[in-house]
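For what it's worth, full-length UniProt numbering labels the leading residue of the sequence shown as 1, then goes sequentially. Where is the CB? At the ideal position from N, CA and C, for every residue including glycine.
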Amino acid sequence: MTEGLHLMVPKHILENVVEGTKTLLSEKRVLNQKLDEANVRIFALERQLADQQLRAEVAMHSMAKSPPKPATHRFKNLTLQVMKTKMPDEKASDDLATVGKKDLEINKLLGKTNELETLLAATRAITHQTAHREVVSSTLNAARNLVAARKYTLAITSEGKSTINLYSMGAVSLMEEKPANKYGGFTDEGTVSVDNTTTFGHVMMMGTVFDAMQATTTGMFASQMEDLDFTPHSVLCVPIRNAHGTILGALQVVTQRQHSDEYMHNQVFTSLDKERLEHLCVVAGSAVWNLRLSKERQMAQSRIEILLRLNRSIAVEVNSAALLEKIMDVSYELLRCECANLYLKIQGERDLFVAHGSDHVRGQYVSIDKGIAGLVARTGQVVTTNNAIEHPCFDKELDERNGQTTRKVLCVPVKDPEGNILAVVEATNKLDSSDFSVEDTLFLNYIAEAAGISLHKAMLLSEVIIAKRLTDIRLKLNDYVLHHSDIHSLTDLIMVHGKAIMECDRFGFLLVDHLKNELWITSNNGNLGDQVTVRQPIYKGISGLVATTGETVCTRDAYTHSLFDPTHDNLTGYRTTSVLCMPVFEEHVPSKPKVVAVAMCINKLQGSQVIAFNDQDKTTMSRLCTEIQFALGQMSLEVCYFKVVSDRNLSGNSEVTEAGIISSLLQKYSRNHASGIMTSKTADELAVHGSIPPAADVFGRDIKLTQRPELDQWDLDILSFSFTEVIQSVQTLFRAYGFVDAFAISNDKLAAFVASVAQHYRANSYHNFYHAFQVLHSAHIQIKAHMRKLLTGVDIFAVLIAALCHDVDHPGNNNDFEVKCMSAIALTHNDDAVLERHHCRVTFLILNTPSTNILEKVAPDAFRAIRRTIIRCIMATDMASHFSQCKTIENLTRHQFQDPSNRMLVMELIVHASDLSAQALPYKLALKWGERALDEFQSQAREEADMHLTVAPFMENLENKGTRLKVQSNFICYVLQPLWMSYGQLVPSLRFYTDSLNANLDHYRADLAEFNRTQQQQQPPPQLSQQQLPSSVPHA
1 MTEGLHLMVP KHILENVVEG TKTLLSEKRV LNQKLDEANV RIFALERQLA
51 DQQLRAEVAM HSMAKSPPKP ATHRFKNLTL QVMKTKMPDE KASDDLATVG
101 KKDLEINKLL GKTNELETLL AATRAITHQT AHREVVSSTL NAARNLVAAR
151 KYTLAITSEG KSTINLYSMG AVSLMEEKPA NKYGGFTDEG TVSVDNTTTF
201 GHVMMMGTVF DAMQATTTGM FASQMEDLDF TPHSVLCVPI RNAHGTILGA
251 LQVVTQRQHS DEYMHNQVFT SLDKERLEHL CVVAGSAVWN LRLSKERQMA
301 QSRIEILLRL NRSIAVEVNS AALLEKIMDV SYELLRCECA NLYLKIQGER
351 DLFVAHGSDH VRGQYVSIDK GIAGLVARTG QVVTTNNAIE HPCFDKELDE
401 RNGQTTRKVL CVPVKDPEGN ILAVVEATNK LDSSDFSVED TLFLNYIAEA
451 AGISLHKAML LSEVIIAKRL TDIRLKLNDY VLHHSDIHSL TDLIMVHGKA
501 IMECDRFGFL LVDHLKNELW ITSNNGNLGD QVTVRQPIYK GISGLVATTG
551 ETVCTRDAYT HSLFDPTHDN LTGYRTTSVL CMPVFEEHVP SKPKVVAVAM
601 CINKLQGSQV IAFNDQDKTT MSRLCTEIQF ALGQMSLEVC YFKVVSDRNL
651 SGNSEVTEAG IISSLLQKYS RNHASGIMTS KTADELAVHG SIPPAADVFG
701 RDIKLTQRPE LDQWDLDILS FSFTEVIQSV QTLFRAYGFV DAFAISNDKL
751 AAFVASVAQH YRANSYHNFY HAFQVLHSAH IQIKAHMRKL LTGVDIFAVL
801 IAALCHDVDH PGNNNDFEVK CMSAIALTHN DDAVLERHHC RVTFLILNTP
851 STNILEKVAP DAFRAIRRTI IRCIMATDMA SHFSQCKTIE NLTRHQFQDP
901 SNRMLVMELI VHASDLSAQA LPYKLALKWG ERALDEFQSQ AREEADMHLT
951 VAPFMENLEN KGTRLKVQSN FICYVLQPLW MSYGQLVPSL RFYTDSLNAN
1001 LDHYRADLAE FNRTQQQQQP PPQLSQQQLP SSVPHA
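Right, here's the structure in full:
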């Protein structure tokens, strides 16, 4: 499992590297030998020239009968003149002829010497270059110096040898002394094909020199000649070969037909010109070939280093998602391609999952029966094609979905050690437009082989981990069955471990009641002890299908299933994709067992991607259901009687029946009283010990605000108050309920407490002390209207403190932002409801300060009860639990809502509804509060953009009025109405909030329509993105 991979490097690659090095050394020795020989010849010629000059001076001295002079050769004309005057005419004539012949020989030798020096200089200039453009520039400059022509063109084949790259340079002008750029001065003329339509293609295909006089009259390559900006006369094109005879390109010179004495040279190329060009071509061929060998050697070395780095990286990687990412990164780096796709072959699926690719196709499925990738996945063969559109299996539809044009494809399978195909890696279109080579295929094959071994190792490790987790849950369930009888904690245990075992985003678990034909579950909510009950008809949804038929349902896209119910997705913004739902049968029933529960896995995760559940997942799920079956079989009595008691409680029937007696017996031996039913004896005991008063001791009486009667108006414009008026109003409300006297709170201490809370609220646009007072005022309106009849004085006191402090020290950002940027608050509270927990902490820091502790005189038990209520009420403002709260009150009757056992639910609802009451005020006030909230969202969006964090869709483009109206409409429609509509049904005296909320929604929609009409009249309608409800509504 932990042994490293042994990387195999292609033998022929290493042989090529060694052979290239040997060739370079051999050619270097040959060139050095030639240079030495040339130097020897030059030295000999120089000696010969010196001897000839010495003989000429001696002859001239003898003829002149005068002593030799050191500068005789510099005054040749004067010497000849003296000789003519002192010698007879015939003898002088013979001597002059001899001297003329000697001078001619000397001039020839000097000319040959100069030519050799020029050739050697050109050779050195070309062979010493280490870059492609330097070789091109040196070759063209050397041709200009050696051969007189109008245009010089160097043609070099591309690495794929399918095209020719052309570089040209004009003749040396009379004003040009030297090139402006040492390695510049030439023009890149693009590429042409290797065919007979050009002189370059003809020479490279035939391998012979092309020498044409009167180029325009031959009729060959007419289109090429017409493209010149002058009338050509003669063309000379010489092939360029390497030491092995392979043609690498061509060097061409062209003269211009002269109509005037523009050039001093002839228009026809001589044999000497041809020899010079052939020499340059030999030197250029050697230089170009050496550069290519060096480049190939460097590329091979780089690829080997990449493979070694991959080997080291994946040898210790056990996460399959991270492993696949590393493989694709290396594929890009190794092949230098435009796109690399990874297709996973999922067991039990006929389609391939695109795990890596462009954004258009990533996360989608493609048919295994189509395309080149499908061919490789079916057969396991390697496909390399540099003309993809001509391949019989090429799928144009994938190109259309991917938004690209595929020209070249390299596709290899990823296999495990047993030869089973796990995935397919496909590379398309190299960045330099070259073809995929044999080396590319071999290297990608090596990557695929290493990936197959590592993936297989990761799968084996995953099987071991899953087996260990199954063993753990078996032991935990056994221990739970022996020592516990709490159904809530049992379901929580199953769901937590089920999610980890199945590696899915969510795990659901529902019990089946065949008598009432419904699916149900009761689970603890977090660490607060809340219990969430879910009930649905047995015929509804995929879980209902599994419960009634006993068959497993596995779908990679839930929305394609006819029975999938998207209601929850629509409410929360969550996207259910892959689903695996399996029945849990009753234990020890050999034939036709009943389905007692349904387990459901939602969204199988591989890294950050959602993939389909495979056959291995089904096997694992079956083993998990077997463990659950055992636990439910052992606790069948507890499950049945808990369901009976739960039904009786929901129906509001308080009659004590046999089921009730048995349930009470079960409660006696239960550790946690998790059913949530508080008996009258329990309530009395709590009242005696002073923790909370009995349910009958409700507050009841009316609240009178004689000094500030306007505080009884539900539509109070709080934003028009001064800060001092807000401080005074808070104190007025606390006094109106009699808490100052009841709990012996001095006026100074109350004032200090309110001032301290106000100081701890930050100067945010929305979450400030004005918002705190608005929530407190709304809680007062609800309590005065009806809730005082359901709560005790201690309850109301705790609710008012919670309402005032529910957002204390709010930073102006939501929970998601704090978690993403790993703020100190998020780190302190472990990313769980971080702001709500922070508000609770700051609240009790204030209450723990002697000068602001208004709970100082409260009895210890009562203090603990108040503290618990404050924490529960503040935690209830977490929008993550908003929809579960809506569902809870939606399923309640008025009788159940008013039951004393639900007092905590009532208190939580008061604070949560008050926190969301701003948009239920009259439209003018709602508009003001809404603008403040959106300003705060806009500020957070800017900060997230600066920090390169993901910005929530509803926070984008808030500078646009239409977007703001749309966001407010969606917020009312999808978030507020589900809460206030159900709340209004339970408490009719609060329906004025509901009516105002519905009217505000109509106002927002009307304003949005008017805004859109105005925009259409002024300019073409902008493409406004549709704002959708986020999965997690921002912290209110």
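### Query
Which residue comes first and which comes last in the beta strand (DSSP E) that contains N141?
For N141, there is no enclosing beta strand (DSSP E); the residue is found in the alpha helix (DSSP H) stretching over H132 to L146.
### Query
The beta strand (DSSP E) with H839 in it runs from where to where?
Segment V834 to L847 is the alpha helix (DSSP H) holding H839; no beta strand (DSSP E) there.
### Task
Give the C-beta separation of T385 and V409 to the nearest angstrom, bearing in mind that I take them to be a contact with Cβ-Cβ under 8 Å.
Sure, about 5 Å apart at Cβ, within 8 Å.
### Task
For the alpha helix (DSSP H) holding C393, just list the boundary residues, first then last.
Unbroken run through C393: none, as it is neither H nor E.
### Task
Under 8 Å by Cβ, that's how I've got L733 and L776 pegged, so tell me the actual separation to the nearest angstrom.
With 8 Å as the limit, L733 and L776 qualify as a contact, their Cβ atoms being about 7 Å apart.
### Task
Indicate whether H360 and L342 have their beta-carbon atoms separated by less than 8 Å.
With contacts defined by Cβ atoms closer than 8 Å, H360 and L342 do not form a contacting pair.
### Query
Between which two residues does the alpha helix (DSSP H) harbouring T1014 extend?
From DSSP, the alpha helix (DSSP H) with T1014 extends over R991 to Q1018.
### Query
Buried or exposed: D395, going by 16 or more other Cβ atoms within 10 Å of its Cβ?
In the assembly as shown, D395 is a buried residue. Its beta-carbon has 16 or more other beta-carbons within 10 Å.
### Query
Skipping 5 residues on each side, what residues in its chain have a beta carbon closer than 6 Å to that of C237?
Apart from sequence neighbours up to five positions away, the residues of its chain that approach C237 with a beta-carbon distance below 6 Å are T199, V203, F210, A250 and Q252, ordered along the chain.
### Query
What is the DSSP secondary structure of G20, reduced to helix, strand or coil?
Three-state result, G20: helix.
### Task
Name the residue from C886, S823 and S901 whose alpha carbon lies nearest to the alpha carbon of T792.
Among C886, S823 and S901, the Cα nearest to that of T792 is on S901.
#### Entry: Contiguous beta strand (DSSP E) assignments of at least 3 residues, all confined to the stretch 602-643
The stretch 602-643 contains these whole beta strand (DSSP E) runs: 609-611.
### Query
Is DSSP giving residue 1037 helix, strand or coil here?
Residue 1037 lies beyond the residue range present for the chain, which begins at 1 and ends at 1036; the question has no answer from this structure.
### Message
Per DSSP, what are the beta-bridge partners of R241 in this structure?
### Response
Answer is I247.
### Task
Please state whether DSSP places T187 in a helix, a strand or coil.
Three-state DSSP puts T187 in a strand.
### Query
Would the beta-carbon of I846 fall within 8 Å of that of F753?
Cβ atoms of I846 and F753: closer than 8 Å.
### Query
Along the chain, where does the beta strand (DSSP E) that runs through residue 1104 open and close?
Residue numbering for the chain in the displayed model covers 1 to 1036; residue 1104 lies beyond these limits and cannot be assessed.
### Query
DSSP on P900, reduced to helix/strand/coil?
Correct three-state label for P900: helix.
### Task
Can you tell me which of I466, E818, S162 and A373 puts its alpha carbon nearest to the alpha carbon of residue 1037?
Beyond the ends of the chain as shown, which are 1 and 1036, falls residue 1037; an answer cannot be given.
### Query
If residue 1037 sits next to S434, beta carbons under 8 Å apart, how far is it from one beta carbon to the other, in whole angstroms?
Not covered by the structure: residue 1037. The range shown for the chain is 1 to 1036.
### Task
Consult DSSP for V82 and reduce its assignment to one of helix, strand or coil.
Only weak support is given to the placement of V82: the predicted model assigns it a pLDDT of 43, under 50, and the value that follows is read from those uncertain coordinates. Three-state DSSP puts V82 in a helix.
### Task
Express the C-alpha separation of N960 and Q1018 in angstroms, rounding to a whole number.
Their Cα atoms are separated by approximately 15 Å.
### Query
Distance, Cα to Cα, residue 1037 vs S313?
Because the chain is modelled from 1 through 1036, residue 1037 falls outside the range shown and cannot be assessed.
### Task
Indicate the three-state DSSP secondary structure (helix, strand or coil) for E338 in the structure shown.
Here E338 sits in strand by DSSP.
### Query
So who's on the other strand from W520, going by DSSP bridges?
Beta-bridge pairing links W520 to L511 and R535.
### Task
Could you check if C281 is buried or exposed, using at least 16 other CB atoms within 10 Å of its CB as the buried criterion?
The C-beta of C281 has 16 or more other C-beta atoms within 10 Å across all chains shown, which makes the residue buried.
### Message
What would DSSP say about Y974, mapped onto helix, strand or coil?
### Response
Note: Y974 maps to helix in three-state DSSP.
### Query
Which parts of the stretch 260-331 are runs of the beta strand (DSSP E), unbroken and 3 residues or longer, counting only runs that do not cross its ends?
DSSP runs (the beta strand (DSSP E)) wholly in the stretch 260-331: none.
### Query
Any idea what DSSP makes of Y343, helix, strand or coil?
Residue state, collapsed to three classes: strand.
### Message
With H, G and I counted as helix, E and B as strand and the rest as coil, what does DSSP make of V808?
### Response
In the structure shown, V808 adopts coil according to DSSP, grouped into three states.
### Straight-line Cα distance separating S881 from S982
Within the model, the alpha-carbon separation for S982 versus S881 is close to 16 Å.
### Query
Going along the chain, which residues of its own chain have a beta-carbon closer than 6 Å to the beta-carbon of Q774, five neighbours each way excluded?
If we look at Q774 and ignore the five residues flanking it on each side, its Cβ neighbours are I718.
### Message
Quick test of the definition: if touching needs 3 or more C-beta pairs under 8 Å, does the stretch 292-306 touch the stretch 16-31?
### Response
Between the stretch 292-306 and the stretch 16-31 there are three or more C-beta pairs closer than 8 Å, enough to call the two in contact.
### Query
According to DSSP, what are the bridge partners of V951?
Paired residue(s): none; V951 is not in a bridge.
### Query
Just to confirm, are V412 and A377 a CB contact at a threshold of 8 Å?
In this structure, A377 does not lie closer than 8 Å to V412 by Cβ.
### Query
Using the rule of at least 16 other Cβ atoms within 10 Å of the residue's Cβ for burial, across every protein chain shown, is T963 buried or exposed?
Burial call: buried.
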